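Colleague: Dumping the structure here so I can ask a few things about it.
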Amino acid sequence: MTTDDDTIPEPPPGFVRSAGRGQFSTVNGPYFHKPAADGLVSQAFYALPRHTNGIGLVHGGMLSAFTDGLLAGAVGFGTGKVGVTIHLSIDFLHMARQGDWVIGEARMTRATKDVAFSEGVLRARGVDIVRASGIFKLMDRRG
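Under the numbering used here, the first residue of the sequence shown is numbered 2, with each subsequent residue one higher.
Listed below in C-alpha cells is the structure:
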C-alpha cells in the first residue's frame, strides 16, 4: 500500500533497494542495503508515516522487526544459512522520527554448528537509537 506520503528520497550513499524479501518485510519496507564488507551488514529504511506511532516517532515494533532482520542478515552473511530468531535483546536509546533514514549495522560475533550470535546498532541523524544482540538457530536454505 502506498500513498502520496510514501515518497522516498534517494537512499544514503552506497545503499540500494533490497529485493526478494518475505511478505512481512515487503509490506513493512521498503528496505535498502549496502553490500557487506568485512563481515559488517548494513541495511536502512526511510521512516514513512505508516512506520510511526501516535506521537510521530518511529514505532518500537517497527524498529524491533527491522533490527531482527538486520541481525539475522548478519548471521546469514557469516554462515550462508538462514538464522531463525531464538532470542532478541533490544535497548531503545533514542528516537527516530518520520522523515529520518534509519541505518543499521550488524555483524555476527560467533557461531557454532547449530547456533549463531550477532549484535548491531541502529542510527538516525548520526545518533545511536537502538542497540541489540540476538541468538539464531541455523537452518539450511530451502532449495
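Each residue gets a CB set at the ideal place from its N, CA and C atoms; glycine is no exception.
All values reported here derive from a predicted model rather than from experimental measurement.
Just the C-alpha distance for A75 and F67, rounded to the nearest angstrom, thanks.
Modeller: In a straight line, the C-alpha of A75 is about 13 Å away from that of F67.
Colleague: Once you ignore the five residues that flank G15 on each side, which residues in its own chain have a CB closer than 7 Å to its CB?
Modeller: Closer than 7 Å at Cβ, skipping near neighbours: K35.
Colleague: For T80, which residues from the same chain have a beta carbon less than 8 Å from its beta carbon, with the 5 sequence-adjacent residues on both sides left out?
Modeller: Within the same chain, T80 has close Cβ partners M109, A112, A117, L139.
Colleague: Do you know how far the Cα of F93 is from the Cα of A20?
Modeller: Roughly 28 Å between the two C-alpha positions.
Colleague: Ordered along the chain, which non-local residues of its own chain (more than five positions away) have a Cβ less than 7 Å from that of A73?
Modeller: If we look at A73 and ignore the five residues flanking it on each side, its Cβ neighbours are G84, T86, F137.
Colleague: So, under 8 Å CB-CB, I9 and A45 are touching, yes? Tell me the CB distance rounded to an integer number of Å.
Modeller: The pair is not a contact, with the Cβ atoms about 11 Å apart (cut-off 8 Å).
Colleague: Please confirm whether F78 and A38 have their CB atoms less than 8 Å apart.
Modeller: Not closer than 8 Å, so no.
Colleague: Please classify R111: does DSSP put it in a helix, a strand, or coil?
Modeller: If DSSP states are grouped into helix, strand and coil, R111 belongs with the strands.
Colleague: Let me know the alpha helix (DSSP H) ranges lying completely inside the stretch 2-75, each 4 residues or longer, listed in chain order.
Modeller: Here the runs fully enclosed are 24-29.
Colleague: Could you tell me whether the Cβ of I130 comes closer than 8 Å to any Cβ of chain C?
Modeller: Checking the listed chains, one finds no chain C in this structure; it contains a single protein chain.
Colleague: Take G61 as the anchor and find which of V17, I130, S134 has the nearest alpha-carbon.
Modeller: G61 has its Cα closest to that of I130, out of V17, I130, S134.
Colleague: May I ask which residues mark the beginning and end of the beta strand (DSSP E) holding G84?
Modeller: Here the beta strand (DSSP E) through G84 covers 83-93.
Colleague: Specify the secondary structure class of G135 as computed by DSSP and reduced to three states.
Modeller: The answer is strand: DSSP assigns G135 an E or B state.
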